[in-house]
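Single-structure report; data block below.
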Amino acid sequence: ISNADVLAESSFVALMASWKMARVGCCMRTATYQTKSCQRAWFSSSSTLPCRHLGRTGLTTPILGLGGVGLGEIYGDVKEADAVDCVMRALELGVSLIDTSPNYGNGKSEDRIGTALNSGVLGSSACSLNADDLTVVTKCGDAGPQNEGHSPFSKEGVHSSFRTSVKRLQPPSGTIDVFLLHDASHADLDEFFSPDVGGFEAFKELRADGSVGATGIGVREHDVQLRFIEHPSDLGDVMLTVNDWNLVRRYAQPVLLEAAERNGSGVLNGGPLYMGLLSGIDPQVSFRQGAVKSSLELPALIDLAQRARSWCIEHDVDFRALALHFAAGPGAPSPPISSSLVGARFASEIEELVESLLLGCVTEVEKFSTAAEEFESAFGAEIKNFNPDAHFYYDKTKIEL
């Protein structure tokens, strides 16, 4: 971890010892999602994940955050009880940053996160986090009922979307920590930045009255990102990149990350496991989970991920831990990258992700630093010269979440 990191105070030596203990089964929640006093023994909830400062926002966030796409059933069905339990388990494990959007499952992700945040888990014997430790991120700018008939890029539409998200999420603090404009085009920004009536007026008002702690943008297109954070309104506190800083795709460097650092913008790294390709599961299987991915045909990308996974197996390296080492740990330029967002739908998945993160970024960091260098020797040139058209690009005009 770089010198810019705020290192966790807990003993990860003790944590590793706890991993060797027999894992106990998940504590079943009641119908109202009240946390029971029993606790999974393999991971100490008092342990804290390594954290970093989120740019100029004044927020400090763990290097691993929970992305809410899967909680909205974008990557396959998940029962409400399982989704809520996943969020609660993430909080117990110290994952205090949660990212979502009203676009994920037409509000289903926000609703489920809100249920978890108000379940009683915060401050309980199973969770060392309290409301002040949370960083809740949501978005506006997508079509849907949350806009109450207004354009999603208008002042009224942004205010309407914000009110809807607060109602769903019910953040314990009463505020949204980070509010992002989502998947905007240049034409959308033209409307958003229109004086008096554009959505940026709502951003300024929400930030000024304390309803929102920080503002920013999350979008794939680099030119849109740059235009937003460099706009004179100075609303670019945070930038969410999309599948652009991971083991096999690194387009965020240098332009986006250097611009973010110049501006003091914190970066949330979306897609460190590249939609499951780097999750440790056979990429041919993981890239077929859910309706969105099952319709995609990206054979060259899947082949690259399969060969990378095979290389890790041959070299006795945990593929997922190596991916998180690169995207969230020492491989992530910090500043400006603060947190990397991983998707999980079940408590068991977030447990495995946190375990891999700590393995690759804390307890065996030297081993994975060496492995990362060897991986670069084997694949670096190919990744650098990989055909950009063979990668996945989300286009909201063609793919409905």
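Going by the numbering used here, the letters in the sequence shown line up with residues 981 to 1381, in that order.
Using N, Cα and C, we set each Cβ at its ideal position, and we do this for glycine too.
Pairing A1301 with V1158, the inter-Cα distance amounts to about 28 Å.
The alpha-carbon separation between E1201 and D1163 amounts to approximately 8 Å. N1249 sits in a strand when the DSSP states are folded into three classes.
A direct Cα-Cα distance of roughly 12 Å separates E1294 from E1354. The stretch 1094 to 1106 makes no contact with the stretch 1117 to 1134, as fewer than three CB pairs between them are under 8 Å. In this chain, the beta strand (DSSP E) harbouring I1078 covers L1077 to D1079. In its chain, beyond the 5 residues on either side, T1040 have a beta carbon closer than 6 Å to the beta carbon of H1033. Straight through space, the alpha carbons of M1255 and G1048 are spaced by roughly 13 Å. In this structure, G1216 places its C-beta atom within 7 Å of the C-beta atom of I1209.
The Cβ-Cβ distance between E1136 and A1106 does not fall below 7 Å. In the structure shown, H1295 falls within a coil segment according to DSSP collapsed to helix, strand and coil.
Where T1040 is concerned, the enclosing beta strand (DSSP E) starts and stops at T1040 to P1042.
Among the bridge pairs identified by DSSP, T1343 is matched with none. Three or more beta-carbon pairs separated by less than 8 Å link the stretch 1212 to 1229 to the stretch 1277 to 1295, which places the two stretches in contact. The DSSP-derived three-state label of V1158 is strand. In the three-state DSSP reduction, A1194 falls in the strand class (E or B). The secondary-structure analysis by DSSP pairs H1033 across a beta bridge with T1040. A check of alpha carbon separations from Y1055 across T1343, R1325, F1366 and E1332 identifies R1325 as the nearest. Separation of the CB atoms of L1220 and G1190 is rounded to 22 Å, and the pair is thereby denied contact status at 8 Å. Contact between A1288 and P1252 does not hold, since the beta-carbon distance rounds to 14 Å and is not under 8 Å. For the set A1308, P1313 and Y1373, the Cα lying nearest the Cα of L1044 is the one of A1308. Of the residues V1322, V1138 and T1350, the one whose Cα lies closest to the Cα of K1184 is V1138. Per DSSP, the beta bridge partners of V1116 are I1078.
Per DSSP, reduced to three states, the secondary structure at V1228 is coil, with no helix or strand assignment.
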